[in-house]
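Right, one structure below, let's go through it.
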Amino acid sequence: MLLFLRFLPFLLGILNATLFVAQSRYPASYPWIVAISPVLLVASVLLIGWKRHQGAALFQRSIPSLLAVSAAAYTMLLAEGVFAQVVLPVFVGLASFLCLELMFLSVYLPSRYPVNGLSHLNLSLVPITLWFLAFTSVGLTVFLNMTRVLPVAVMTAAVSVLFWSTSHVESAPAEQRRWMMLGAWMGFQVGILCAVLPFNLMLHGTVAAVTVSLALRSRRYLIAPVIPKKIIILEGASVALFLVLILSTAAWV
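FYI, the working numbering numbers position 203 of the sequence shown as 228, with every residue one higher than the one before it.
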């Protein structure tokens with residue numbers, strides 16, 4: 026059993042990537058092929074933690090990866106060409122592999138587990154996940170004439186979950202709930218921007234990813250060791266300048 030679990034991250038990474046490739050070749054069957062990927066990821070996480078009675082704890086730590094895979098499956102609805110056939114399968118395969126590999130190391134080989142490995146992975150997946158969600162949600166309002174409430178609802182739910190699931194490991198439940206509420210408010214604002222700004226889909230994804238990532242980054246300013254004030258100002262100014270350049274130079278459609 027342990028040998029199977031050791032190879033499970035690699036096997037699931039390959040399997041999930043294959044499912045996305047298969048979905049790109051059989052678009053009429055959407056979403057039934059890619060819908061299997063998040064289910065397999067959850068089952069694998071619980072399987073790794075089952076022996077050590079850590080299934081519930083590992084599941085919470087896997088939520089950003091699960092949301093990333095689900096967002097990629099959501100994006101397959103509008104993806105085409107190389108994006109659908111190569112980019113999304115590779116992303117899902119790597120995300121699945123890294124998530125399970127780090128979880129296996131944390132449970133069975135803690136001496137080889139990189140410090141804060143899962144936290145770093147989760148935070149790195151946040152902007153990509155938000156890009157997928159904003160890109161697809163706005164695209165559905167454009168191409169399928171769906172309600173503008175869709176990006177608002179999707180971003181509100183996703184950002185609240187991401188703020189909660191990426192909270193510092195030592196934060197109290199009450200603090201996690203506060204971050205979740207702040208995430209919902211932040212996601213609501215970003216969703217409104219996605220619903221009203223007349224940009225192309227890629228820029229919508231970029232604005233959502235950059236804006237929320239800065240908000241998540243700001244949490245680090247409250248945790249020791251304290252980041253120098255100059256770096257905080259530089260980071261905030263850089264993101265603000267980037268957003269101003271996007272908003273002022275992008276072609277409105």
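Just so it is clear, CB atoms sit at the ideal spot from N, CA and C, and this is done for glycine as well.
Remember, it's a predicted structure, so these values are computed and weren't measured experimentally.
When the distance is taken between beta carbons, is residue j closer than 8 Å to residue i?
i	j	result
Leu83	Leu30	no
Ser87	Val70	yes
Val184	Val264	no
Phe188	Gly208	yes
Pro89	Val151	yes
Leu146	Thr191	no
Leu127	Gly142	yes
Leu228	Ile271	yes
Leu91	Val67	yes
Ala234	Leu155	yes
Phe35	Met101	no
Check residue i in the structure and name its three-state DSSP category.
i	result
Leu103	coil
Asn147	helix
Lys76	coil
Ile61	helix
Val112	helix
Ala197	coil
Val140	coil
Asn225	coil
Met211	helix
Ile258	helix
Pro34	helix
Pro89	helix
Ala134	One detail in the question is off: residue 134 reads as Leu in this sequence, not Ala. Here Leu134 sits in coil by DSSP.
How would you label residue i, buried or exposed, when you count the other beta carbons within 10 angstroms and need 16 or more for buried?
i	result
Val174	exposed
Ile58	buried
Pro114	buried
Gln48	buried
Met206	exposed
Ser62	buried
Val64	exposed
Ser243	exposed
Thr172	exposed
Asn170	exposed
Decide if the region 114-121 is in contact with the region 166-186; the criterion is three or more beta carbon pairs, one per stretch, under 8 Å apart. no
What runs of the alpha helix (DSSP H), each 4 residues or longer, lie entirely inside the region 154-191? 174-190
May I ask you to verify whether the region 159-174 touches the region 95-102, counting CB pairs closer than 8 Å and requiring at least 3? yes
How do the region 197-204 and the region 126-137 stand: do at least 3 beta-carbon pairs fall below 8 Å, yes or no? no
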